[in-house]
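Undergrad:
In my numbering, the protein residues as written are 267 to 555.
Next comes the structure, spelled out in structure tokens:
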């Protein structure tokens, strides 16, 4: 197997993998053996039809797909491991050549951790926050709400303004592969929500007068903004040396009323997630105070 790694703009790597024709043939035979075992052709008992006859009768696209599914994941993992690549996205795969008797060649584009540059965010955030006045928070009757009554609304507003300012004064070399993956995840969740409501995407878009590309563009903008902030806050956590104690994680778990959920949150991966959330919240709190 041959592997070539090319650095593309915006924190993206292109990995070109060439799997030898011998390996391809080996997998063809392996997959075909499985189809032979399952084949039921006229005049033959199940699993006893000649391999050549099964190969002639079977859908070639299905056979090729099975062979690719056997080769690609394993070869990709080997390529990433061999070249010590830390990918933060699923690979975007492009098949360049696949045919029995020839090398299997494919390209995989993956996102890597982007470089983050943060400007003079403290002064920028301080400037925009100074323009927010508590008296600007109005109640349903149109009258100003007192500081105590408007505390939550004012806090939310301050966070939104501060994060927008932080985003604007930062540079994040974000990979389009990562953005597209997040868009697909968001769209999938949205389609699930529509399905539970008994709606189709076409019906929904028709009701709001939008096209599929409009929805994708909106999600792409939201995905990029969210991902940028994720990496910006991550960098600030490191720069500001923000720490989260085990006691703080424990308190967060104990605050969950459901016992079953608390047990789930005790798992290492869940505790790591809680730690990340608490660290980001600490950074945000420092921004707005």
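Positions of the beta carbon are idealized from the N, C-alpha and C atoms, including for glycine.
Note down the Cα distance separating residue 304 from residue 324, rounded to an integer number of angstroms.
TA: 11 Å
Undergrad: Using DSSP bridges, identify the partner residues of residue 360.
TA: 373
Undergrad: Candidates 460, 453, 502: which alpha carbon is nearest residue 484's?
TA: 453
Undergrad: Answer with buried or exposed for residue 286, where buried requires no fewer than 16 other C-beta atoms within 10 angstroms of its C-beta.
TA: exposed
Undergrad: Using a 10 Å radius around the Cβ and a threshold of 16 neighbouring Cβ atoms, would you call residue 372 buried or exposed?
TA: buried
Undergrad: If you count every other CB in all the chains shown that lies within 10 Å of the CB of residue 293, and 16 or more means buried, which is it?
TA: buried
Undergrad: Taking the beta strand (DSSP E) that residue 510 belongs to, which residues open and close that run?
TA: Where residue 510 is concerned, there is no enclosing beta strand (DSSP E), given that its DSSP letter is neither H nor E.
Undergrad: Can you list, in chain order, the residues of its chain whose CB lies under 6 Å from that of residue 282, leaving out five sequence neighbours each side?
TA: 270, 373
Undergrad: Identify the residues that DSSP records as bridge partners of residue 577: which are they?
TA: No information on residue 577 is available, as it lies outside the stretch 267 to 555 that the chain covers here.
Undergrad: Return the CA-CA distance between residue 554 and residue 506, expressed in angstroms with no decimal places.
TA: Rounded to whole angstroms, residue 554 to residue 506 spans 15 Å at the Cα level.
Undergrad: DSSP state of residue 365, grouped into three classes?
TA: coil
Undergrad: Apart from the five residues on each side of it in sequence, which residues of its chain come closer than 8 Å, Cβ to Cβ, to residue 576?
TA: Any property of residue 576 remains undetermined from this structure, which presents the chain solely from 267 to 555.
Undergrad: Looking at residue 546 and residue 503, is the spacing between their C-beta atoms short of 8 Å?
TA: yes
Undergrad: Quick one: grab the DSSP three-state call for residue 354.
TA: coil
Undergrad: Give me the Cα-Cα distance between residue 445 and residue 467, rounded to the nearest whole angstrom.
TA: 21 Å
Undergrad: Residues bridged to residue 383 by DSSP?
TA: 437
Undergrad: How about the segment 382-400 and the segment 428-443: do they share at least three Cβ pairs that are nearer than 8 Å?
TA: yes
Undergrad: Can you give me the C-alpha to C-alpha distance between residue 289 and residue 533, rounded to a whole angstrom?
TA: 40 Å
Undergrad: Within 10 angstroms of its Cβ, does residue 357 collect 16 or more other Cβ (buried), or is it exposed?
TA: Burial is judged here by how many other beta carbons sit within 10 angstroms of a residue's own beta carbon; residue 357 has at least 16 and is buried.
Undergrad: Residue 291 and residue 366 look like a contact to me (Cβ under 8 Å); what is the Cβ gap, rounded to whole Å?
TA: By a beta-carbon distance limit of 8 Å, residue 291 contacts residue 366. Their separation comes to about 7 Å.
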